[in-house]
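Here is the structure we will look at.
Protein chains in written order, with the numbering used here: chain E, 2 to 377; chain V, 5 to 263.
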């Protein structure tokens, strides 16, 4: 490192003289701490440390950091320091750095907790999480009750906007995904069914799978990613900017004003989107069947009609209503409980999507068991 | 003011959002090493002026010079080099919430110097000590008060020993005592770092305490209505708008006798 700032130490009578020379710049790094330690070995016997800055060029924070470290080490060794030799600007900065003493107990000491403590902490956190969910569900149910008797305090236009956003605006992505899912199922089924000469049953497979399972589940997952996360981010940011506090002090329950329209919108729109997805998926299947297999469009249509029952549709639509509530609750809950920073809002949006998808899949599994037992 | 010792020169700057012109034809110079205050009422565009000075907004017309070099016409690379010599303290600190204070201050050091992580931490600790936050290295911004966040933001602004420090409403959201301490800190840092300081504020106590020179922006006339040291403006300006601003709207003594 040519031309960079250096220091050397010399003994002058009972004092240790630190010579500072050259240009000290952050770009050129700091002297290694080991060298500093080594040079101070002789300091213990010295009574004081003095500075010589005759050869010092320009300097910046690197020199201040170095001198501050040196001062701290000398104080620990109990050696006096004479600062007179230092440049006035540096003296002022040092004085400024020392002006506010370290607040006792301010420095955080990370303590590694024992295993029982960690298990306990995790259990308490999990319990709080459950209580949080239950409290939110209770609040949401009360808000819904107020809505049903016409006493909820929300703006109709907000509900309309949320309905539009969770409904009509979601159509393009739902169309694309359901169409592709229908095609993929038809592809997979076609290869297998062709071996038995039963290609026409592709229509049954696509229709029943879309109506009972895929329509509801795919729309729920799409809406968890698209709208549930948006709810968490919106409400989380409103929390950061104290909008939720403002509502509370106006005496307007945030549950009514913010959560209710969103939950209503999503649980009303998701069944409609699911029915739409069913049809688009069936169309996707038809495209593959007529293109790849020896099936005409009329045959496919007739086969689909004979395969589907109202029950198939009803189970799918019923499930999607539940999924809608789950996705909306997950999004709104995480948003309302979000911390007040950019990182916390991001974390709550992530948590909203993850918990919504997990809840949807788990609920779908429960439905499968229940429908099986009931013979639906 | 001789152009030779001007650190920042603004020439014929017009600021606009689309077709809405906020301020037109601003021309002033900031002397090297001075504390320069941009004054103005709320909505007069003083924060926007700051955004123009640091390149966050582009001028609709006119130019900004640092020394003799045009900032407005500089290539993106040259501009980045100039920005490295600026330190900016934003209104609410603008600390990165996912990083600790030491990491916040260390971020520019890690990006622009070749220091090792241990050295960066040493320098970051020193910068935090300079603003009175010794021992708070491992705190997250959400764990400290607003005033401390602002000081931590200042520590980050001075991380690279800037030549020019910009402050956007430094006293906003601070109590009078903290605000006074921050003013003292600004003056002290100006002395010891030898930096030029540009402060955007409408806080009269701050203005009179720190300003060497100033301009006053007026929202109605959309330009500078006064420039010079605030105390001189108060004593000498014949413009009632200037007087009203610098006295919190109090009537000029004897003015009511005319009515």
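All C-beta atoms, glycine included, are put in the ideal place defined by N, C-alpha and C.
Query raised in the report: Roughly how far, in whole angstroms, is the beta-carbon of residue 90(V) from the beta-carbon of residue 201(V), given that I think they are within contact range, below 8 Å?
Result: Looking up residue 90(V) in the second chain gives position 86. Looking up residue 201(V) in the second chain gives position 197. Contact doesn't hold; Cβ gap of about 11 Å is too wide.
**Report entry** CB of residue 271(E) within 8 Å of CB of residue 220(E), strictly
**Finding:** Position 270 of the first chain holds residue 271(E). Position 219 of the first chain holds residue 220(E). Cβ distance < 8 Å, so residue 271(E) and residue 220(E) count as in contact.
Query raised in the report: Taking 8 Å as the CB-CB limit, is residue 195(V) close to chain E?
Result: Residue numbering aside, residue 195(V) sits at position 191 when the second chain is read from its first letter. Yes, residue 195(V) counts as interfacial toward chain E.
Query - C-alpha distance - residue 84(V) paired with residue 117(V), whole-angstrom precision - result: Taking the first residue of the second chain as 1, we reach residue 84(V) at position 80. Taking the first residue of the second chain as 1, we reach residue 117(V) at position 113. Distance between the alpha carbons of residue 84(V) and residue 117(V) is about 15 Å.
Query raised in the report: Can you list the residues of chain E that residue 130(V) reaches, using a CB-CB cut of under 8 Å?
Result: On the second chain, position 126 is the one that residue 130(V) refers to. Residues of chain E passing the Cβ test: 62, 65, 66, 69, 98.
Query raised in the report: Going by C-alpha distance, which of 153(E), 49(E), 39(E) is nearest residue 17(E)?
Result: In the first chain, counting from the first residue as 1, residue 17(E) sits at position 16. Of the listed residues, the one whose Cα sits closest to residue 17(E) is 49(E).
Requested in this report: Inspect the beta-carbon positions of residue 159(V) and residue 137(V) and report whether they are closer than 8 Å.
Outcome: Walking along the second chain from the start, residue 159(V) turns up at place 155. Walking along the second chain from the start, residue 137(V) turns up at place 133. Taking 8 Å as the Cβ cut-off, residue 159(V) and residue 137(V) qualify as a contacting pair.
**Report entry** chain V contacts made by the stretch 25–57 of chain E, where a contact means CB separation under 7 Å
**Finding:** 27, 28, 30, 31
Query - For residue 43(V) and residue 50(V), the rounded distance between their alpha carbons - result: To locate residue 50(V), count along the second chain from 1; it is residue 46. To locate residue 43(V), count along the second chain from 1; it is residue 39. Distance between the alpha carbons of residue 50(V) and residue 43(V) is about 7 Å.
Query - Secondary structure of residue 63(V), DSSP reduced to three states - result: Residue numbering aside, residue 63(V) sits at position 59 when the second chain is read from its first letter. Three-state result, residue 63(V): coil.
Report task. Kindly indicate if chain B contains any beta-carbon less than 8 Å away from that of residue 139(V). Result -> Any reference to chain B falls outside this structure, whose protein chains are E and V.
Query raised in the report: In its own chain, which residues sit with a C-beta less than 7 Å from the C-beta of residue 59(V), not counting the 5 before and 5 after it?
Result: What you label residue 59(V) is simply residue 55 of the second chain in a count that begins at 1. Taken in chain order, the residues that qualify are 75, 83, 87.
Query raised in the report: Would a check of beta-carbon distances place residue 134(V) closer than 8 Å to chain E?
Result: For the purposes of this step, residue 134(V) is taken as residue 130 along the second chain, with counting starting at 1. Cβ-Cβ to chain E under 8 Å: yes for residue 134(V).
Query - Nearest residue (CA-CA) to residue 290(E), options 308(E), 119(E), 52(E), 206(E) - result: Within the first chain, residue 290(E) is the residue found at index 289, counting from 1. Nearest of 308(E), 119(E), 52(E), 206(E) to residue 290(E), Cα basis: 206(E).
Query raised in the report: Using a Cβ-Cβ cut-off of 6 Å (strictly less than) and excluding sequence neighbours within five positions of residue 11(V), which residues of its own chain qualify?
Result: Numbered from 1 along the second chain, position 7 holds the residue referred to as residue 11(V). Excluding sequence neighbours, residue 11(V) sits near 34, 36, 200.
Query - 6 Å CB neighbourhood of residue 171(V) in its chain, flanking five on each side removed - result: Position 167 of the second chain, counted from the first residue, corresponds to residue 171(V). Closer than 6 Å at the Cβ level, and outside the excluded window around residue 171(V), lie 93, 203.
Query raised in the report: Using 8 Å as the limit for Cβ to Cβ distance, is residue 123(V) near chain E?
Result: Within the second chain, numbered from 1, the residue matching residue 123(V) stands at position 119. By this cut-off, residue 123(V) is an interface position.
Requested in this report: Spell out a yes or no on whether the stretch 336–350 of chain E and the stretch 232–249 of chain E are touching, meaning 3 or more CB-CB pairs, one atom from each, closer than 8 Å.
Outcome: yes
Query raised in the report: Is the shortest distance between the beta-carbon of residue 244(E) and the beta-carbons of chain V less than 8 Å?
Result: Here residue 244(E) refers to the residue found at position 243 when the first chain is read from its first residue. No - not a single Cβ of chain V is within 8 Å of the one on residue 244(E).
Query raised in the report: Does any C-beta atom of chain E lie closer than 8 Å to the C-beta of residue 165(V)?
Result: Translated into the one-based positions of the second chain, residue 165(V) becomes position 161. Interface residue, yes.
**Report entry** Best match in 188(V), 239(V), 141(V), 247(V) for proximity to residue 97(E) [C-alpha to C-alpha]
**Finding:** What you label residue 97(E) is simply residue 96 of the first chain in a count that begins at 1. The shortest Cα separation from residue 97(E) among 188(V), 239(V), 141(V), 247(V) belongs to 188(V).
Query raised in the report: Just how far apart, CA to CA, sit residue 193(E) and residue 164(E)?
Result: On the first chain, residue 193(E) is found 192 positions in, with the first residue counted as 1. On the first chain, residue 164(E) is found 163 positions in, with the first residue counted as 1. Near 41 Å, if we compare the C-alpha coordinates of residue 164(E) and residue 193(E).
Report task. Rank 155(V), 113(V), 98(V), 78(V) by C-alpha distance to the C-alpha of residue 184(V) and give the top, closest one. Result -> As a position in the second chain, residue 184(V) is number 180, starting the count at 1. When only C-alpha atoms are compared, the closest one is 155(V).
Query - Contained alpha helix (DSSP H) runs [length at least 4] in the stretch 52–76 of chain E, N- to C-terminal order - result: none
Query raised in the report: What residues from chain V crowd round residue 342(E), counting only those whose CB sits closer than 9 Å?
Result: As a working mapping, residue 342(E) is identified with position 341 in the first chain. The contacting residues are 101, 102, 144, 145, 146.
Query raised in the report: Mind checking whether residue 64(E) and residue 25(E) have CB atoms under 8 Å apart?
Result: Walking along the first chain from the start, residue 64(E) turns up at place 63. Walking along the first chain from the start, residue 25(E) turns up at place 24. Closer than 8 Å, so yes.
Requested in this report: Answer yes or no: does any C-beta atom of chain V fall closer than 8 Å to that of residue 23(E)?
Outcome: The residue you call residue 23(E) lines up with position 22 of the first chain. So, not an interface residue.
Report task. Please compile the residues from chain E whose C-beta is within a distance smaller than 9 Å of the C-beta of residue 127(V). Result -> Taking the first residue of the second chain as 1, we reach residue 127(V) at position 123. Chain E residues near residue 127(V): 27, 31, 62, 63, 65, 66.
Query raised in the report: Are the C-beta atoms of residue 90(E) and some chain V residue less than 8 Å apart?
Result: For the purposes of this step, residue 90(E) is taken as the residue at position 89 of the first chain. Yes, its Cβ sits closer than 8 Å to a Cβ of chain V.
Query raised in the report: Should residue 250(E) be labelled buried (16 or more other beta-carbon atoms within 10 Å of its own) or exposed?
Result: As a working mapping, residue 250(E) is identified with position 249 in the first chain. Its Cβ having fewer than 16 others within 10 Å, residue 250(E) is exposed.
Report task. Using 7 Å as the cut-off, classify the Cβ of residue 375(E) as near or not near the heavy atoms of the ligand ZN, replying yes or no. Result -> Inclusion of the ligand ZN in the displayed structure is not the case, the ligand content being empty and no account of it being possible.
Query - Member of 54(V), 71(V), 9(V) whose CA lies at the smallest distance from the CA of residue 19(V) - result: As a working note, residue 19(V) is residue 15 in the second chain. Taking only the C-alpha atoms, the option nearest residue 19(V) is 54(V).
Report task. Pair every Cβ in the stretch 265–283 of chain E with every Cβ in the stretch 306–321 of chain E, then say whether three or more of these pairs are closer than 8 Å. Result -> yes
Query raised in the report: In chain order, what residues of the same chain lie with their CB nearer than 7 Å to the CB of residue 163(V), ignoring the 5 residues before and after it?
Result: Residue mapping note: residue 163(V) aligns to position 159 of the second chain, counting from 1. Within the same chain, residue 163(V) has close Cβ partners 109, 112, 113, 131.
Report task. Answer yes or no: do residue 121(E) and residue 184(E) have a C-beta to C-beta separation smaller than 8 Å? Result -> Residue numbering aside, residue 121(E) sits at position 120 when the first chain is read from its first letter. Residue numbering aside, residue 184(E) sits at position 183 when the first chain is read from its first letter. The answer is no: Cβ separation not under 8 Å.
Query raised in the report: At what residues does the beta strand (DSSP E) containing residue 15(V) begin and finish?
Result: Taking the second chain and counting its residues from 1, the one referred to as residue 15(V) is at position 11. From DSSP, the beta strand (DSSP E) with residue 15(V) extends over 10–21.
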